[in-house]
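Visitor: 15 is the number of the first residue of the sequence shown in my numbering; add one for each residue after it. Yeah, the Cβ is synthetic: ideal placement off N, Cα and C, and Gly gets one too. Just dropping this structure here.
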Amino acid sequence: MISQPETGALTVARTLKRAGVRAIFSLSGNQIMPLYDACFEEGLRIVHVRHEGAAVYMADAYAQITGELGVALLTAGPGFANGLGALMTARAAESPVLLLSGDSPRGQDGLGAFQELDQCAAAGPLVKQSHRAAGPEGLGQAVAGAIAAARGGRPGPVHLALPFDSLTARTPRGEAAQVPAGAFAPAAQSLAPDAARQVADLIAGAERPLIVTGPQLSRSRAGDLPERLEAATGAPVICMESPRGLRDPALGALGAVAARSDLVVLLGKAADFTTAFLAVEPWDASARFVVIDPEAAMLSRARARLNGRLSAAAQADAPAAAEALIAAARPRDGAAWRDETGALLA
């Protein structure tokens, strides 16, 4: 029996299906119509919206609510450009979002093709990664790599541009099936046992320890992990998701808690404006800091900002590090401090 070829669009749709994608948020347009046909053939649900920005915002919300990958599909040119603003929100929310965009044909590059645009240059500053598919071959691997990048480390949006001639070109049948199942989810960066014990000892030895997490350890995404971490360590665990940071009214008098804490563990929480750039105020001037983050650049920033106030720093994914800290935790009586913080945050 002769194997029939499939299109690049069908390879993309089948790869998304293998990755467990259940919904795609989109506004239709010329360059993505082959992918629409392929999604319909594969039974993938397309939620059609009225504006491209809404598609990305909905993918962001979907990722936050479900904990799954959010996928937005936009057409080229102004359609793609209309979705860019929403990427900044998804990046700040640390949402695993995949933005797929139709693009002008590679075969017409530099010839003034319809809606030709350097999409990677436009999206690059707003996403973790921005790539343009090199051709119809390897489309399955390109999609899988983009999904893994969106989910890995500090989650965030990733962009993949799909040239029209790559979507319509014939490719060998079964390319999507050749993508290994493990290609969609990167291996977690665990916290080394020695580092976990060091941090656990610091928490146990502090009078008023505070663990501050980023959006990845919110209760809607991490389930009971924050509660288990607080129970094991005896330290209050606070998730900072809002751009208001220490002034977030939803977190009560968080600034007062920060000023009282003698040990602050930043667990996957970016050292940025939301944490007052780790300045001496509003934090206690004598407070010690521990920074655990998936990004080496963030650790370098924290070291530069904290100088002698940094007690420990380690590179690890926040959920994996939280589990390691639970396993290494030492018993401590932190009820009074937790009651005090609870009253301040109420």
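1) Just to confirm the assignment: which complete beta strand (DSSP E) runs, minimum length 3, are found wholly within the region 44–102?
2) Given a threshold of 16 other Cβ atoms within 10 Å of its Cβ, counted over all protein chains shown, does residue 337 qualify as buried or as exposed?
3) Does the Cβ-Cβ distance between residue 140 and residue 160 come in under 8 Å?
4) Output yes or no for whether 8 Å exceeds the beta carbon distance between residue 176 and residue 118.
5) Ends of the beta strand (DSSP E) at residue 117?
6) May I ask you to list the residues that DSSP assigns as paired with residue 198?
7) Return helix, strand or coil for residue 24, following the three-state DSSP convention.
8) In chain order, what residues of the same chain have a beta carbon less than 7 Å from the beta carbon of residue 331, not counting five sequence neighbours either side?
9) Can you tell which of 145, 126 and 127 has the C-alpha that lies nearest to the C-alpha of residue 135?
10) How about residue 269 and residue 260: do their beta carbons lie closer than 8 Å?
11) Take residue 35 as the anchor and find which of 206, 66, 45 and 158 has the nearest alpha-carbon.
12) Compare the Cα-Cα distances from residue 24 to each of 44, 52, 349 and 38 and report the closest residue.
13) Could you please give the first and the last residue of the uninterrupted alpha helix (DSSP H) stretch that includes residue 212?
14) At the level of alpha carbons, what is the spacing between residue 279 and residue 238?
Guide: Working from what's here:
1) 59–62 and 84–88
2) buried
3) no
4) no
5) 111–117
6) In DSSP, residue 198 forms no bridge with anything.
7) helix
8) 167, 202, 203 and 308
9) 145
10) yes
11) 158
12) 52
13) 207–219
14) 19 Å
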